[in-house]
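So the structure is just underneath, and the comments pick up after that.
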């Protein structure tokens, strides 16, 4: 049962969140991560190329903590672990896949080639990861976002150092079409397209989250269940590639979407790739009109369960996460956290979850969230 947050004014909520997050970080011994991120901020104006010695001191992503959540474990009736990829330099797991893809493209360049420029399309997190990686690697980046992108995301992209942020199309798919037809069609080899989710190098980068989880989990490192959200499917593809590599076909995977951004569920129902006409969910980071073909193939396996919940349940999940873990996370995470409530996980798996089972939730991002939004959700859903 969800317990509502007390109705506090925004300023009080901000103070509470900052204090609780500080105490939480101290208690869980995250000081090494804070130091590492602080070093990154100091180096943000350095020009560093991938093939230079200085690049060895700059990581495109970091190893994030895996913590056992006692509060969510009580809700779910099993051992719930949280992989905190909201603590990545870009604020989301996208640092892994996007960073790996961009590193590979830089290393692919023939000797003597200079002046490359990265171009990405994004609803938020992929663009932020692209700009961060471009800054680390020492190259410019332009991001195309749909017109539905929040002003705060556009401002953040510019503040992080994006060369330009263009708003085109009502969906990520339409923004992508604009980028390809109007900009990249010039055929300049120095213009490098950064796919948000649909490329093996992106999936390989995302697979590192599971590699870390396997080294951090107690009792052998093998989870019983992995819960992740699905936009275009890059994270799910990375998870599945790792599980296949380990031969862990008995690990259940729960693929979460919000209503109005459920392109995977629509494709599963149709038995083929389906393009949504429009995105109506407020989970803009999940707002991809069509998943990758590989994602659909993975999702058709018996070990993968596709689950769709309304935005209201995702918001309640984000509120619950704030209460239990003292951190703010966006709807893309909240929809996964909501699985812990009201016996949903057992219903999804079709069996009673045992108290000893290890369930990992990939906390994929924390960019598209604010204190004001949490306060609004508390008024709407918290009572």
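Residue numbers (full-length UniProt numbering): 1 to 383.
Backbone N, C-alpha and C define an ideal beta-carbon position, used for all residues, glycine too.
| Query | Result |
| --- | --- |
| Close Cβ partners of residue 251 (< 8 Å) along its chain, the five nearest in sequence each way excluded | 222, 223, 224, 225, 226, 243, 303 |
| Residue 366 burial status per 10 Å Cβ neighbour count (16 or more: buried) | buried |
| Anticipated Cβ contact below 8 Å, residue 254 with residue 83, distance rounded | Not really, about 14 Å apart at Cβ, beyond 8 Å. |
| Candidates 380, 297, 288: closest to residue 174 by CA position | 288 |
| Burial state of residue 352 (16 or more Cβ within 10 Å) | exposed |
| Cβ-Cβ separation, residue 154 to residue 122 (assumed contact under 8 Å), whole Å | That belief does not hold up - the Cβ atoms of residue 122 and residue 154 are roughly 11 Å apart, past 8 Å. |
| Same chain, Cβ closer than 6 Å to residue 274, five either side skipped, listed in chain order | 266, 267 |
| Whether residue 205 touches residue 99 by CB criterion (8 Å) | yes |
| Enclosing alpha helix (DSSP H) for residue 104 [first to last residue] | 94-108 |
| Collapsed DSSP secondary structure at residue 256 in the structure displayed | strand |
| Closer than 8 Å to chain D by CB, residue 335 | Although the question refers to chain D, the structure presented lacks it and comprises just one protein chain. |
| Counted within 10 angstroms of its Cβ, other Cβ atoms place residue 262 as buried (16 or more) or exposed | buried |
| Contacts around residue 143, its chain only, beta-carbon distance under 7 Å, and the 5 residues preceding and following it disregarded | 120, 122, 127, 130, 131, 157, 162, 165 |
| Length of the line joining the Cα atoms of residue 335 and residue 343 | 15 Å |
| Reference residue 384; option with closest CA among 74, 151, 93 | Lying outside 1 to 383, the shown extent of the chain, residue 384 is not represented and no answer is given. |
| Selection from 341, 212, 66, 159 that minimises the alpha carbon distance to residue 319 | 341 |
| Among 61, 69, 240, 314, nearest to residue 325 - alpha-carbon criterion | 69 |
| For residue 59 and residue 283, the rounded distance between their alpha carbons | 28 Å |
| CB contact flag (residue 291, residue 348, <8 Å) | no |
| Beta carbon of residue 116 nearer than 8 Å to that of residue 190 | yes |
| Start-to-end residues for the beta strand (DSSP E) that takes in residue 113 | Unbroken run through residue 113: none, as it is neither H nor E. |
| Cross-strand partners of residue 67 (DSSP beta bridge) | 82 |
| Local Cβ density within 10 Å of residue 136, reported as buried at 16 or more and exposed below that | buried |
| Whole-angstrom C-beta distance between residue 359 and residue 345, which should lie under 8 Å | 7 Å |
| Straight-line gap, residue 313 to residue 337 (C-alpha atoms, nearest Å) | 9 Å |
| Best match in 61, 370, 296 for proximity to residue 95 [C-alpha to C-alpha] | 61 |
| Separation of residue 310 from residue 379, as counted between CA atoms | 17 Å |
| Unbroken stretches of the beta strand (DSSP E), 3 residues or longer, contained in the stretch 157-221 | 164-167, 191-194 |
| Coarse secondary structure for residue 295, derived from DSSP in three states | helix |
| DSSP bridge partner residues for residue 141 (one or two, in chain order) | 118 |
| Buried versus exposed call for residue 350 [16 or more other C-beta atoms within 10 Å across all chains shown] | exposed |
| Proximal residues to residue 66 (C-beta, below 8 Å), its chain only, five neighbours per side dropped | 81, 82, 83, 84, 212, 213, 216, 217, 360 |
| Endpoints, the beta strand (DSSP E) within which residue 229 is located | 225-229 |
| Cα-Cα separation between residue 79 and residue 86, rounded to whole angstroms | 20 Å |
| DSSP state of residue 235 mapped onto helix, strand, coil | helix |
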